[in-house]
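Notes to accompany the following structure.
Pasting the structure below:
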């Protein structure tokens with residue numbers, strides 16, 4: 153499991169981006185793949 157920070161998330165459109173803590177490229181996230189709600193600047197754990 154990886155950790156990162158939500159850089160951007162648009163609740164209306166249901167997508168955003170996570171910046172990984174390890175410095176890798178940003179990751180696209182879609183609301184359909186979420187277990188919980190997220191907001192900008194949240195720290196999240198995720199699997200790709």
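In the numbering used here, the protein residues as written are 153 to 200. Each residue gets a CB set at the ideal place from its N, CA and C atoms; glycine is no exception.
{"Check": "Neighbourhood of residue 153 by C-beta distance below 8 Å, restricted to the same chain and skipping five residues each side", "Outcome": "197, 198, 199"}
{"Check": "Residue 185 in three-state terms, based on DSSP", "Outcome": "helix"}
{"Check": "Beta-carbon proximity of residue 182 to residue 167, cut-off 8 Å", "Outcome": "yes"}
{"Check": "For residue 160, the nearest candidate out of 179, 187, 174 (CA to CA)", "Outcome": "179"}
{"Check": "For residue 171, the residue or residues it bridges with in DSSP", "Outcome": "157"}
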